[in-house]
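Engineer: Protein chains in written order, with my numbering: chain Z, 3 to 237; chain U, 89 to 337.
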Amino acid sequence: MMIKPLDQAVGSIEAMKAVFARDMKVAFRQRQDLLNPLLFFMMVVTLFPLGVSPEISFLQEAGAGILWVAALLSVLLSLDHLFRHDFDDGTLEQLVLQPQPLFLLVLAKTMAHWVLTGLPLVLLTPVLGVMVHLDGNSIAILCLTLLIGTPVLSLIGAIGAALTLGLRSAGVLLSLLIIPLYIPVLIFGTGTVAAAAEGAPVGAYLALLGAFLVLALTLAPFASAAALKVSLSNS
Amino acid sequence: MWPFFHKLGSPKWFYGIATRLMPWLLVLGLLCLGAGLVWGLAFAPKDYLQGNSYRIIFIHVPSAFLAQSIYIMMASAAVVTLVWRMKLADVFVKATAPVGLVLTFISLFTGAVWGKPTWGTWWIWDARLTSMLILLFLYGGVIALDRAINDEKSAARAVAILVLVGVVNIPIIKYSVDWWNTLHQPATFKLTEKPSMPAEMWVPLLLSVIGLYLLFGWLACLRMQTEILIREQRTRWVQDLFHVNEGVR
Numbered sequence: 003m004m005i006k007p008l009d010q011a012v013g014s015i016e017a018m019k020a021v022f023a024r025d026m027k028v029a030f031r032q033r034q035d036l037l038n039p040l041l042f043f044m045m046v047v048t049l050f051p052l053g054v055s056p057e058i059s060f061l062q063e064a065g066a067g068i069l070w071v072a073a074l075l076s077v078l079l080s081l082d083h084l085f086r087h088d089f090d091d092g093t094l095e096q097l098v099l100q101p102q103p104l105f106l107l108v109l110a111k112t113m114a115h116w117v118l119t120g121l122p123l124v125l126l127t128p129v130l131g132v133m134v135h136l137d138g139n140s141i142a143i144l145c146l147t148l149l150i151g152t153p154v155l156s157l158i159g160a161i162g163a164a165l166t167l168g169l170r171s172a173g174v175l176l177s178l179l180i181i182p183l184y185i186p187v188l189i190f191g192t193g194t195v196a197a198a199a200e201g202a203p204v205g206a207y208l209a210l211l212g213a214f215l216v217l218a219l220t221l222a223p224f225a226s227a228a229a230l231k232v233s234l235s236n237s
Numbered sequence: 089m090w091p092f093f094h095k096l097g098s099p100k101w102f103y104g105i106a107t108r109l110m111p112w113l114l115v116l117g118l119l120c121l122g123a124g125l126v127w128g129l130a131f132a133p134k135d136y137l138q139g140n141s142y143r144i145i146f147i148h149v150p151s152a153f154l155a156q157s158i159y160i161m162m163a164s165a166a167v168v169t170l171v172w173r174m175k176l177a178d179v180f181v182k183a184t185a186p187v188g189l190v191l192t193f194i195s196l197f198t199g200a201v202w203g204k205p206t207w208g209t210w211w212i213w214d215a216r217l218t219s220m221l222i223l224l225f226l227y228g229g230v231i232a233l234d235r236a237i238n239d240e241k242s243a244a245r246a247v248a249i250l251v252l253v254g255v256v257n258i259p260i261i262k263y264s265v266d267w268w269n270t271l272h273q274p275a276t277f278k279l280t281e282k283p284s285m286p287a288e289m290w291v292p293l294l295l296s297v298i299g300l301y302l303l304f305g306w307l308a309c310l311r312m313q314t315e316i317l318i319r320e321q322r323t324r325w326v327q328d329l330f331h332v333n334e335g336v337r
C-alpha cells in the first residue's frame with residue numbers, strides 16, 4: 003500500500019480553507035475587535051458634517067469621498083491585527099514552516115481579514131450614504147466601488163503589516179508606508195462615483211478598479227509572504 | 089562576466105574604484121552644471137510668453153529628472169538585493185534614498201515657485217504635482233522603514249520589498265492622476281522627438297541635467313563609501329586604511 007508523503011498530506015487549497023476558517027473562528031471569539039473598525043468608520047464620517055459643514059449640497063458633493071476616506075482609514079487601523087496576535091503567540095512561525103506555499107496561506111489570511119473588515123464596511127455604507135444625502139444611484143455605485151476596492155486595500159495593507167511586524171511604533175510606520183500605495187485606489191473609487199453623478203458611463207472606471215484587484219490579488223501575496231519571512235528572521 | 093560580478097559585490101573593491109572615480113565625477117559634474125546654469129540663467133533668450141520666470145526650468149527639470157530616475161535605480165538595486173543578496177546594492181539604496189527625497193522636494197519647491205507667476209498659484213492638485221508628492225511620500229516611507237529596523241540584513245530585505253512594491257505603483261500613480269486632473273505641461277525631453285524649444289534653451293538644460301547626474305554619481309559614491317566604512321569598520325582592510333592615513337604604521 004502506498005503511503006502519501008507527509009508534505010502532500012494536506013493540499014494547498016485545504017490548507018487555505020483551514021487557515022481561513024481558523025481566522026474566522028478566532029475573530030468571532032473576540033467580537034469587540036470586529037466592531038471597532040466599524041465604529042471608527044461611523045465616527046470619522048460623523049466628523050465631516052460637524053467639522054466642515056452640514057449643508058446638504060456640500061455633503062452630496064463630498065459624501066462619496068468622505069466615505070471612501072473613512073473606509074480607507076478604518077481598514078488601515080485594522081491592519082495591525084492582521085498578523086500581530088499570530089506573531090506574538092508563535093502561530094505565524096508554524097505557518098511559515100508549513101509545506102504549503104506561504105503566499106497561499108497569507109492570501110487566505112488576507113481574505114479572512116477582508117471578510118471581517120472590508121465587507122462589513124461595504125454593508126454599512128448604504129446607511130451612512132443616506133446620512134450624507136447621497137441619492138440611491140450614487141449609493142449603489144459607491145457600494146460597488148467599495149466592494150471591489152476594499153479587498154485591494156486589505157491585500158496591499160497586508161504587505162505593510164508584514165513589513166512592520168514586531169517593530170517599534172509599527173502603527174504609525176504602517177500608515178506611512180501604505181497610504182501612498184492606497185492613493186490610486188482612492189482616486190478611482192471616488193472618481194467612479196463622481197462620474198456616475200454626472201451621468202457619465204462608469205464601465206471604464208470599474209474595469210480599472212477590477213484591474214487593480216487582479217493585480218493586487220496576483221502580486222501582493224508574494225510580497226507579503228516575502229516580508230513575513232524577513233520579519234520573522236528579524237525577531 | 090562572473091568574476092566581475094563578484095568583484096562588484098565586494099565593498100573593498102568598490103571603495104577603491106569610487107575613490108578613483110569621484111574626482112572625475114565631481115569636476116565634470118560641476119563643469120556641466122555650472123555651464124548649464126550660467127548659460128541658462130544669464131544668457132539664454134527670454135521666453136516669449138513667460139519672460140524670465142521660465143528660467144527656473146534649469147533647476148526644476150534636472151532635479152525632477154533625477155528624483156524619478158533615482159527611484160528607478162533604487163528599484164533595480166532592490167532586485168539585486170533580493171535575488172543575489174549583494175551587499176553593495178543595499179548600500180546603494182540606503183545611501184541614495186535621502187538624496188532622492190531632497191531632489192523630489194527641490195523639484196516640488198521650484199515647481200511651486202514657478203507656478204506662482206505662471207499659473208497664479210503656489211500649489212494645485214494637478215496630476216504631475218500630486219504624483220511627485222506621492223513619490224516624496226514613497227521616499228519618506230523607505231527611509232522610515234530603514235531607520236526602524238535595527239538588524240542590517242532584515243532592513244536591507246524589507247526595504248527592497250517596499251521599494252519594489254512602490255515601483256509597481258509608480259506607473260499606476262502616474263496614469264491614475266493623468267486621468268484625474270492636468271495643468272502641468274508635458275515632459276520637456278522625449279527620447280524620440282526633437283525638443284520643441286530653440287537650441288539656446290535646451291542645450292543648457294541638457295547640460296544641467298547631465299551635470300546633476302554626474303554630481304549625483306559623486307554624491308552616491310561618497311555616501312556609499314561612508315556607509316561601507318561604518319559597516320565594515322571591524323574588517324582588516326578598513327582598519328589598515330585608517331592606520332595608513334594616520335601614519336601609525
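Glycine is no exception: its CB is placed at the ideal position from the N, C-alpha and C atoms.
Using a Cβ-Cβ cut-off of 8 Å, state whether residue 160(Z) counts as contacting chain U.
Structural biologist: No, its Cβ sits nowhere closer than 8 Å to a Cβ of chain U.
Engineer: Restricting to Cα atoms, I'd like to know which of 317(U), 293(U), 322(U) and 330(U) is closest to residue 183(U).
Structural biologist: Measuring from the Cα of residue 183(U), the nearest candidate turns out to be 317(U).
Engineer: Where do the N-terminal and C-terminal ends of the alpha helix (DSSP H) with residue 195(Z) fall, by residue?
Structural biologist: That run of the alpha helix (DSSP H) goes 172 to 199.
Engineer: Mind pulling the chain Z residues with CB within less than 8 Å of residue 255(U)?
Structural biologist: Here the premise fails: no neighbours, minimum Cβ distance about 11 Å.
Engineer: Report yes if the CB atom of residue 261(U) is closer than 8 Å to the CB atom of residue 222(U), and no otherwise.
Structural biologist: In contact: residue 261(U) and residue 222(U) (Cβ atoms closer than 8 Å).
Engineer: Taking the alpha carbon of residue 375(U) as the reference point, which residue from 97(U), 155(U) and 154(U) has its own alpha carbon closest?
Structural biologist: Because chain U is modelled from 89 through 337, residue 375(U) falls outside the range shown and cannot be assessed.
Engineer: Say whether chain Z places a C-beta atom closer than 8 Å to the C-beta of residue 102(U).
Structural biologist: So no, residue 102(U) is outside the interface.
Engineer: Could you work out which residues of chain B lie near residue 232(U), taking near to mean beta carbons separated by less than 7 Å?
Structural biologist: In summary, chain B is missing from the structure at hand, where the protein chains are Z and U.
Engineer: Kindly list, in the order they appear in chain U, the residues whose Cβ is closer than 7 Å to that of residue 235(Z).
Structural biologist: Near residue 235(Z) (Cβ distances below 7 Å), the residues of chain U are 242.
Engineer: For the alpha helix (DSSP H) containing residue 289(U), name the first residue and the last one.
Structural biologist: From DSSP, the alpha helix (DSSP H) with residue 289(U) extends over 287 to 319.
Engineer: Hey, which unbroken runs of the alpha helix (DSSP H) at 4 residues or more fall wholly within the stretch 101 to 186 of chain Z?
Structural biologist: Runs of the alpha helix (DSSP H) inside the stretch 101 to 186 of chain Z: 104 to 115, 121 to 133 and 138 to 165.
Engineer: Does the CB of residue 239(U) have a neighbour CB from chain Z at under 8 Å?
Structural biologist: Output row for residue 239(U): interface = yes.
Engineer: Under a three-way DSSP split, which group does residue 139(U) fall into?
Structural biologist: Of the three classes helix, strand and coil, the one that applies to residue 139(U) here is strand, per DSSP.
Engineer: With DSSP as the reference, label residue 230(U) as helix, strand or coil.
Structural biologist: Residue state, collapsed to three classes: helix.
Engineer: By DSSP, does residue 88(Z) sit in helix, in strand, or in coil?
Structural biologist: DSSP places residue 88(Z) in helix when its eight states are reduced to three.
Engineer: Using the three-state DSSP reduction, which class does residue 238(U) fall into: helix, strand or coil?
Structural biologist: Three-state DSSP puts residue 238(U) in coil, outside helix and strand.
Engineer: In the structure shown, what three-state DSSP assignment does residue 56(U) receive?
Structural biologist: For residue 56(U) there is no data in the structure shown, the boundaries of chain U being 89 and 337.
Engineer: Under 8 Å between C-beta atoms, does residue 186(Z) make it to chain U?
Structural biologist: Yes, its Cβ sits closer than 8 Å to a Cβ of chain U.
Engineer: Between residue 191(U) and residue 231(U), is the Cβ-Cβ spacing less than 8 Å?
Structural biologist: The answer is no: Cβ separation not under 8 Å.
Engineer: Is DSSP giving residue 235(Z) helix, strand or coil here?
Structural biologist: Residue 235(Z) falls in the helix class under three-state DSSP.
Engineer: Comparing the C-beta of residue 311(U) with each C-beta of chain Z, is any distance below 8 Å?
Structural biologist: Taking Cβ atoms only, chain Z never reaches closer than 8 Å to residue 311(U), which makes this a no.
Engineer: I want to know whether the stretch 193 to 211 of chain Z touches the stretch 125 to 143 of chain Z - three or more CB-CB distances under 8 Å.
Structural biologist: Contact between the stretch 193 to 211 of chain Z and the stretch 125 to 143 of chain Z is present, because at least three Cβ pairs lie under 8 Å.
Engineer: Should residue 330(U) go down as buried or exposed, given a rule of 16 or more other Cβ atoms within 10 Å for buried?
Structural biologist: With fewer than 16 Cβ atoms within 10 Å of its Cβ, residue 330(U) is classed as exposed.
Engineer: Helix, strand or coil, according to DSSP, for residue 144(U) in the structure here?
Structural biologist: Here residue 144(U) sits in helix by DSSP.
Engineer: Assuming residue 307(U) contacts residue 121(U) (C-beta within less than 8 Å), just tell me the rounded distance between them.
Structural biologist: Between residue 121(U) and residue 307(U) the Cβ distance is about 12 Å, and since that is not below 8 Å, they are no contact.
Engineer: Look at residue 176(Z) and residue 197(Z) and say whether their C-beta atoms are less than 8 Å apart.
Structural biologist: Going by C-beta atoms, residue 176(Z) is not nearer than 8 Å to residue 197(Z).
Engineer: Is the beta carbon of residue 148(Z) less than 8 Å from the beta carbon of residue 127(Z)?
Structural biologist: Taking 8 Å as the Cβ cut-off, residue 148(Z) and residue 127(Z) qualify as a contacting pair.
Engineer: Alpha carbon to alpha carbon, how far is residue 131(Z) from residue 65(Z)? Give it in angstroms, no decimals.
Structural biologist: Approximately 7 Å between the Cα atoms of the pair.
Engineer: With residue 15(Z) as the anchor, note down where its alpha helix (DSSP H) starts and where it stops.
Structural biologist: It spans 14 to 31 - the alpha helix (DSSP H) in which residue 15(Z) sits, taken as one unbroken run.
Engineer: Taking the alpha carbon of residue 14(Z) as the point to measure from, which residue in 73(Z), 97(Z), 47(Z) and 31(Z) has its own alpha carbon closest?
Structural biologist: Nearest of 73(Z), 97(Z), 47(Z) and 31(Z) to residue 14(Z), Cα basis: 97(Z).
Engineer: Can a CB atom of chain U be found closer than 8 Å to the CB of residue 170(Z)?
Structural biologist: Taking Cβ atoms only, chain U reaches closer than 8 Å to residue 170(Z), which makes this a yes.
Engineer: Out of 145(U), 263(U), 253(U) and 107(U), which has the shortest C-alpha to C-alpha gap to residue 167(U)?
Structural biologist: Nearest C-alpha to residue 167(U): 253(U).
Engineer: Below 7 Å CB to CB, which residues in the same chain sit around residue 234(Z) once its five sequence neighbours on both sides are set aside?
Structural biologist: So the qualifying residues of the chain are 94, 95 and 98.
Engineer: Taking DSSP as the reference, what is the three-state secondary structure of residue 208(U)?
Structural biologist: Note: residue 208(U) maps to coil in three-state DSSP.
Engineer: Check whether the Cβ of residue 232(Z) lies closer than 8 Å to any Cβ atom in chain U.
Structural biologist: With 8 Å as the cut-off, residue 232(Z) counts as an interface residue toward chain U.
Engineer: Just verifying my parser: in three-state terms, what is the DSSP assignment at residue 213(U)?
Structural biologist: The answer is coil: DSSP assigns residue 213(U) none of H, G, I, E or B.
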